[in-house]
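Numbering (the numbering used here) for the sequence shown: 1 to 590. Glycine residues also receive a C-beta, built at the ideal position from the N, C-alpha and C atoms. The block underneath contains the structure these notes are about, expressed in structure tokens.
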Amino acid sequence: MDILLVASAFNSLSQRVFAELSDRGHRVDVVLAAHGAEAVRAAVSESRPELIIAPMLKSALPDDVWLEHTCLIVHPGPPGDRGPSALDWAIAEDASHWGVTVLQAGAAMDAGDVWAAESFAVPPVGKSDLYRNEVSDAAMAAVLLAVQRYADGSFKPSSQNDPAIRVVWRDFFRQERRRIDWENDSTETVLRSLRAADSQPGVLDELLGREVFLHGGAPEDQLRGHPGDLLATRAGAVCRATRDGAVWILELRPRKSSGDPSPFRRPAAPVLASFPASPGTTTGSERPPRSGDRPAGLPEVTAPLELPSERKTWTDIRYRCRGDVGFLAFSFPGGAMSTSHCHRLLAAYRYALTRPTSVLVLGGSRDFFSNGIHLNVIEASADPAGESWANLNAMNDLVEAVLRTTDRLVVAALGGNAAAGGVMLALAADEVWCRDGVVLNPHYRRMGLYGSEYWTYSLPRRVGSETAQRLTTDAVPVSAASAARIGLVDRLVPASVREFPDEVERMAAALAAAPGLGRRIAVKAAARRTDEGRRPLAEYRRAELARMHTVFFDPHAPYHALRSAFVRKLPHGSARPLSTAGGQVAGGVR
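This is the structure:
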């Protein structure tokens with residue numbers, strides 16, 4: 001079937017729908033609604049679709065399009081839910097269960113006939129995490145069912161006028177509703193506000209005399225202070241006191257109207273430290289701000305890598321041992337890894353190598369595995385070219401450490417999506433285990449980059465030179481199933497996001513107990529020596545970095561404009577659709 005996807009952005013769900021429908025033999029084109037109604041009409045005229053699907057749409061389809069074609073809208077709410085902020089309301093109201101509905105486009109928003117619906121339990125996570133996982137799983141199941149029903153031609157959609165469907169209109173969730181009352185709100189109330197606003201639009205607040213949006217939140221079980229006071233920093237996050245405890249705020253976004261030259265999300269502590277001191281400006285504890293990694297006077301309170309299980313605090317890197325298996329878990333907002341992230345993760349990896357285990361698992365938790373270098377931190381730097389170079393070298397150091405590990409088996413366990421250098425970090429491991437439903441983007445071209453992280457070594461040795469060339473040139477998203485089929489992934493893990501960590505632990509224990517593990521490790525070490533003799537890893541790195549250096553330090557290279565547009569969420573790219581037949585991307589894909 002010829003299917004056209006219309007999306008406001010080619011985001012994680014749009015990419016998954018594209019990849020999984022393509023896997024099933026459909027010819028899929030994509031057009032971005034951000035390019036305007038005429039671009040949508042042109043895409044419809046050019047591709048002549050049998051069915052139009054909108055996986056993520058913030059604006060209405062042109063009337064003539066939905067009147068002349070069957071158009072199915074994916075709404076992140078159960079049947080009867082209507083309004084533009086469905087997930088925000090679900091989290092803010094502490095819903096235990098929620099749903100996704102595929103409905104037919106019509107004159108009234110979210111009021112069309114229901115083609116399919118799926119429900120799911122709501123865990124205590126941020127909106128973006130929920131969207132990329134439970135919502136994505138439910139949406140994909142509903143889309144596949146709706147497409148099958150359309151193909152059958154015998155299904156009669158359910159009208160939302162059915163009295164069994166409870167219709168609820170929920171208004172746009174405005175900042176007035178998100179506002180945190182630090183003096184009176186409990187920790188749980190604060191966390192719910194932060195989770196409902198993550199990653200967009202954030203919670204508008206004031207810190208150090210500046211209006212900022214707060215992004216990300218996690219509880220703290222030990223630090224205490226006067227409500228609203230900043231208490232400490234940790235790995236770029238800041239801890240702030242509540243009425244009955246404290247929370248960690250991971251990222252901040254200065255308000256555009258503040259005049260800040262970098263009004264986009266990035267680690268909280270450096271954002272605060274960048275604010276110039278002004279008379280009467282304090283942290284809430286009478287400490288003046290200053291430039292540097294964090295505001296002056298705030299202590300850096302570290303957390304041990306092997307954090308006791310009973311602790312309820314935030315840390316982005318953890319290590320634990322279970323028998324003969326080590327687990328190094330990491331979770332960075334948006335999957336982006338700054339120079340600092342890479343340095344700290346490398347130090348943790350080296351620590352893990354000192355532990356007496358035969359299997360080491362990287363990742364294994366929910367949401368993003370890694371998306372490579374941190375474009376937001378780079379864009380905010382006084383020297384973006386220099387920071388790009390430092391970040392890439394730090395990422396290379398980490399990947400090289402994994403590639404050179406020969407005394408145990410390393411497993412990359414992907415519970416969430418990965419892209420660019422994050423995919424190459426996974427490919428440096430001996431085995432890649434991937435949750436069914438994950439989407440991989442093993443390429444760099446959309447950001448105007450040649451790529452690094454030893455991809456010219458790791459990718460061809462897994463999928464062959466021809467497929468490696470196709471993946472990096474076509475630069476389209478790859479489903480977990482397709483990744484397994486071409487050798488990019490070793491094992492698919494058919495588990496829900498909630499079940500994935502336990503399943504990985506079970507699989508890792510079985511691997512560590514498998515007969516012949518010692519021989520396999522010895523064979524691995526011998527293969528690494530052979531590969532090094534043929535062409536040293538240093539040569540792959542030198543060749544890749546030479547290409548990247550040219551791009552980073554050329555002020556006219558497309559990378560700089562593409563990076564800036566991506567970070568600042570500005571439209572860029574072609575208006576021509578992305579197609580399984582080899583068309584162009586409709587902008588905005590990393």
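{"Item": "Going by the beta-carbon positions, is the gap between V361 and V504 smaller than 9 Å?", "Value": "yes"}
{"Item": "Using only the alpha-carbon positions, how far apart do R253 and A197 sit?", "Value": "12 Å"}
{"Item": "Thinking C-beta only, is I249 closer than 9 Å to L194?", "Value": "yes"}
{"Item": "Going by CA-CA distance only, name the one from L488, A481, R506, Y351 that's closest to R470.", "Value": "L488"}
{"Item": "DSSP three-state call for G209: helix, strand or coil?", "Value": "coil"}
{"Item": "Report the three-state DSSP secondary structure of H549 (helix, strand or coil).", "Value": "helix"}
{"Item": "With burial defined as no fewer than 16 other Cβ atoms inside 10 Å of the residue's Cβ, what is the status of V6: buried or exposed?", "Value": "buried"}
{"Item": "Any chance you could list the beta strand (DSSP E) runs of at least 3 consecutive residues sitting entirely within the region 110 to 183, in chain order?", "Value": "114 to 121"}
{"Item": "Identify, in the order they occur along the chain, each residue of the same chain with its Cβ nearer than 7 Å to the Cβ of W89, setting aside the five sequence neighbours on each side.", "Value": "R170, F173"}
{"Item": "Below 9 Å between beta carbons: does that hold for L13 and I52?", "Value": "no"}
{"Item": "What is the residue span of the alpha helix (DSSP H) that L21 lies within?", "Value": "12 to 23"}
{"Item": "Determine the burial state of A526: buried for a count of at least 16 other Cβ atoms within 10 Å of its Cβ, exposed for fewer.", "Value": "exposed"}
{"Item": "Identify every residue that forms a DSSP beta bridge with T486.", "Value": "First, the residue type needs correcting, since residue 486 is Ile and not Thr in the sequence shown. I486 pairs with nothing; no bridge assigned."}
{"Item": "Just mark Q175 as buried or exposed, buried being the case when its beta carbon has 16 or more other beta carbons within 10 Å.", "Value": "exposed"}
{"Item": "Please name the residue in G217, D367, R355 whose C-alpha comes closest to that of P267.", "Value": "G217"}
{"Item": "Is D554 closer than 9 Å to Y457 when the C-beta atoms are compared?", "Value": "no"}
{"Item": "Verify the CB distance criterion: does R266 have a CB-CB separation below 9 Å to chain D?", "Value": "Included in the structure is just one protein chain, with no chain D present."}
{"Item": "Let me confirm a value: N184 is counted as buried when at least 16 other C-beta atoms fall within 10 Å, else exposed. Which label applies?", "Value": "exposed"}
{"Item": "Does DSSP classify G469 as helix, strand or coil?", "Value": "According to the sequence shown, residue 469 is Gln rather than Gly. Note: Q469 maps to helix in three-state DSSP."}
{"Item": "Which residues in the same chain as K312 place their Cβ atom closer than 6 Å to its Cβ, once the five residues preceding and following it in sequence are excluded?", "Value": "P219, D221"}
{"Item": "Using DSSP's beta-bridge definition, name the partner residues of I3.", "Value": "V28, L51"}
{"Item": "With 16 as the cutoff for other CB atoms within 10 Å, does K58 come out buried or exposed?", "Value": "exposed"}
{"Item": "Is C321 buried or exposed, if buried means 16 or more other CB atoms sit within 10 Å of its CB?", "Value": "exposed"}
{"Item": "With E251 as the anchor, note down where its beta strand (DSSP E) starts and where it stops.", "Value": "251 to 254"}
{"Item": "List the endpoints of the continuous alpha helix (DSSP H) containing N393.", "Value": "384 to 403"}
{"Item": "The ligand FAD and V361: does the residue's C-beta get closer than 8 Å to at least one heavy atom of that ligand?", "Value": "Looking at this structure, you won't find the ligand FAD or any other ligand, since it has none at all."}
{"Item": "Give the range of the alpha helix (DSSP H) segment to which I91 is assigned.", "Value": "86 to 92"}
{"Item": "Tell me the residue span of the alpha helix (DSSP H) that contains F327.", "Value": "Counting along the chain, F327 falls outside any alpha helix (DSSP H), though it belongs to the beta strand (DSSP E) covering 325 to 330."}
{"Item": "Restricting to Cα atoms, I'd like to know which of A480, E20, A60 is closest to A33.", "Value": "A60"}
{"Item": "Can you list, in chain order, the residues of its chain whose CB lies under 8 Å from that of V463, leaving out five sequence neighbours each side?", "Value": "L471, I486, G487, L488"}
{"Item": "What's the gap between the Cα of V402 and the Cα of H341?", "Value": "16 Å"}
{"Item": "Under DSSP, the beta strand (DSSP E) around Y351 begins and ends at which residues?", "Value": "Where Y351 is concerned, there is no enclosing beta strand (DSSP E), although the alpha helix (DSSP H) it sits in stretches over 339 to 353."}
{"Item": "From S158 to R48, what distance separates their C-alpha atoms?", "Value": "27 Å"}
{"Item": "CB G416 to CB R16, shorter than 9 Å?", "Value": "no"}
{"Item": "What distance in whole Å lies between the Cβ atoms of G448 and A557, which are believed to be in contact at a cut-off of 8 Å?", "Value": "6 Å"}
{"Item": "So, at 7 Å on beta carbons, what are the nonlocal neighbours of A468 in its own chain, with the 5 sequence-adjacent residues on each side left out?", "Value": "L459, P460"}
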